[in-house]
Amino acid sequence: GPFSLGQLAEIGLADLHEAADPALMISDVAPLSTAGQGEVSFLDNPKYVAQFRESRAQACIIAPKFAGKAPEGMALLLSANPYKSYALIAQAFYPRPEFAEGVAQGACVAASASLGQGTHVAAGAWIGEGVEIGPQSYIGPNSVIGDHVKIGSHGWIAAQVSISHALIGDRVSIHPGTRIGQDGFGFAPDPAGFVKVPQLGRVIIQDDCDIGANTTIDRGTGPDTVIGEGSWIDNLVQIGHNVKIGRRCIIAALAGLSGSVEVEDFVQIGGQSGFAGHLRVGSGAQIAAQAGVMRDVAPGQRMVGTPAVPAKQFFREVAMISRLADRKRQTDE
668 GPFSLGQLAE
678 IGLADLHEAA
688 DPALMISDVA
698 PLSTAGQGEV
708 SFLDNPKYVA
718 QFRESRAQAC
728 IIAPKFAGKA
738 PEGMALLLSA
748 NPYKSYALIA
758 QAFYPRPEFA
768 EGVAQGACVA
778 ASASLGQGTH
788 VAAGAWIGEG
798 VEIGPQSYIG
808 PNSVIGDHVK
818 IGSHGWIAAQ
828 VSISHALIGD
838 RVSIHPGTRI
848 GQDGFGFAPD
858 PAGFVKVPQL
868 GRVIIQDDCD
878 IGANTTIDRG
888 TGPDTVIGEG
898 SWIDNLVQIG
908 HNVKIGRRCI
918 IAALAGLSGS
928 VEVEDFVQIG
938 GQSGFAGHLR
948 VGSGAQIAAQ
958 AGVMRDVAPG
968 QRMVGTPAVP
978 AKQFFREVAM
988 ISRLADRKRQ
998 TDE
């Protein structure tokens, strides 16, 4: 920035309100509560309408239905999805830092490795034999890319990441401390002790995925572990061997998926939820935070509690227990 309001409308896929000046210059983004002169904010949740009415933001991205509630003099950008518009505009103000092509001093790149045009390898990184990294990718400091790993174009691998036995698509971001492709938790029990089962599969991460910090994704035992196109995984998530995650799924922090779980497309998984092994979660299902999923989940179903049950059943049972507790108190009195 700065950007004109007209430019921001184009960047954010929004429309200018009829009273807005397209030449108005905006220098930054800010929350409704702190935004002021030269700053643009957004309103996406009706809960914050009162804050919107009192905001001093010079411009705001809103749904058309809130236009009549705007403070006098505030320039408006109208969007069917204000939060998405805000995200696009914020990216324009704060793009990912640029990096220079080349291998920094202190990095180690095997002679048989292939680096695409415009790719940067930071100091302390280690690139193994036969590795292929696509163009315009970034490998952060002290990250380890194991032998024969393939990473597509425009990849962003942050500091202290380790990747082995993996095939990674285009435009994938992997945040600091993440571990991909290590052995899964596979063993044969025996009275004399556990016998390790060799893990022979890979991790496949398809295009446009985002993997949070300190997440671990185990390689498969024979079939591969797969993360589907466009799925986003939060920090500190554990994904076991042979797990299949579909397209455009969201997995929040501290969730754990045991081996061979299959998650279909567009599933939302809440934080601290856990999954027993060998389950199938149907497309579009929603799993509440801290749910303990012990059986298959039908497509579109909302699951709550431990052990997880359909949301309607859960809240019906909670209400019933509350009524029983009330009756007990009345009896005791």
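Throughout, this note's numbering is defined as the position within the sequence shown, counted from one, plus 667.
Cβ atoms here follow ideal geometry from the backbone N, Cα and C, with glycine treated the same way.
Counting pairs of Cβ atoms below 8 Å between the region 770 to 786 and the region 746 to 753, do you hit three or more?
no
Answer with buried or exposed for Ile1003, where buried requires no fewer than 16 other C-beta atoms within 10 angstroms of its C-beta.
Here the chain has residues from 668 to 1000 only, and residue 1003 is not among them.
Could you tell me whether the Cβ atoms of Ser781 and Ile800 are closer together than 9 Å?
To locate residue 781, count along the sequence shown from 1; it is residue 114. To locate residue 800, count along the sequence shown from 1; it is residue 133. A contact, by the Cβ cut-off of 9 Å.
Distance, Ser708 Cα to Phe766 Cα:
Residue numbering aside, residue 766 sits at position 99 when the sequence shown is read from its first letter. Residue numbering aside, residue 708 sits at position 41 when the sequence shown is read from its first letter. Near 29 Å, if we compare the C-alpha coordinates of Ser708 and Phe766.
Taking three-plus beta-carbon pairs below 8 Å as touching, is the region 834 to 853 in contact with the region 879 to 890?
yes
Using only the alpha-carbon positions, how far apart do Ala956 and Ala943 sit?
One-based indexing of the sequence shown puts residue 956 at position 289. One-based indexing of the sequence shown puts residue 943 at position 276. Taking the straight line from one Cα to the other gives about 15 Å.
Kindly confirm or deny that the region 817 to 834 and the region 800 to 809 touch, where touching means at least three C-beta pairs closer than 8 Å.
yes
Bridge partners - Pro762, DSSP secondary structure assignment:
Here residue 762 is taken as the residue at index 95 of the sequence shown, counted from 1. BP columns for Pro762 are empty, so no partner.
For the ligand COA, is there any heavy atom lying closer than 8 Å to the beta carbon of Gln849?
You won't find the ligand COA in this model; it holds no ligand whatsoever.
For Leu867, collect the residues of the same chain with a Cβ closer than 6 Å to its Cβ; drop the 5 residues on either side in sequence, then sort them by chain order.
Walking along the sequence shown from the start, residue 867 turns up at place 200. The residues are Gly889.
Which runs of the alpha helix (DSSP H) fall wholly inside the region 883 to 953 and span at least 4 residues, in chain order?
none
Would you kindly report the start and end of the unbroken beta strand (DSSP E) that includes Trp848?
Position 181 of the sequence shown, counted from the start, is the residue given in the question as residue 848. Checking the sequence shown, residue 848 turns out to be Gly, not Trp. Note, Gly848: beta strand (DSSP E), 846 to 849.
Could you give the distance in angstroms between the alpha-carbon of Arg914 and the alpha-carbon of Arg994?
If you number the sequence shown from 1, residue 914 lands on position 247. If you number the sequence shown from 1, residue 994 lands on position 327. Straight-line Cα distance between these residues: approximately 48 Å.
Cβ-Cβ distance between Gly879 and Asp901 below 9 Å:
By one-based count along the sequence shown, residue 879 stands at place 212. By one-based count along the sequence shown, residue 901 stands at place 234. Cβ distance < 9 Å, so Gly879 and Asp901 count as in contact.
Below 9 Å between beta carbons: does that hold for Gly819 and Ile841?
Along the sequence shown, one-based indexing puts residue 819 at 152. Along the sequence shown, one-based indexing puts residue 841 at 174. No, the pair does not count as a contact, with Cβ atoms beyond the cut-off.
Using the Cα positions of Val839 and Gly897, report the straight-line distance between them to the nearest angstrom.
Counting from 1 along the sequence shown, the entry for residue 839 is found at position 172. Counting from 1 along the sequence shown, the entry for residue 897 is found at position 230. Taking the straight line from one Cα to the other gives about 9 Å.
With C-beta atoms as the reference, is Leu921 less than 9 Å away from Gly907?
Walking along the sequence shown from the start, residue 921 turns up at place 254. Walking along the sequence shown from the start, residue 907 turns up at place 240. Cβ atoms of Leu921 and Gly907: not closer than 9 Å.
Does the distance from the C-beta atom of Ala694 to that of Gly705 stay below 9 Å?
Translated into positions along the sequence shown, residue 694 becomes position 27. Translated into positions along the sequence shown, residue 705 becomes position 38. It should be pointed out that residue 694 corresponds to Ser in this sequence rather than to Ala. Yes, Cβ-Cβ distance for Ser694 and Gly705 is below 9 Å.
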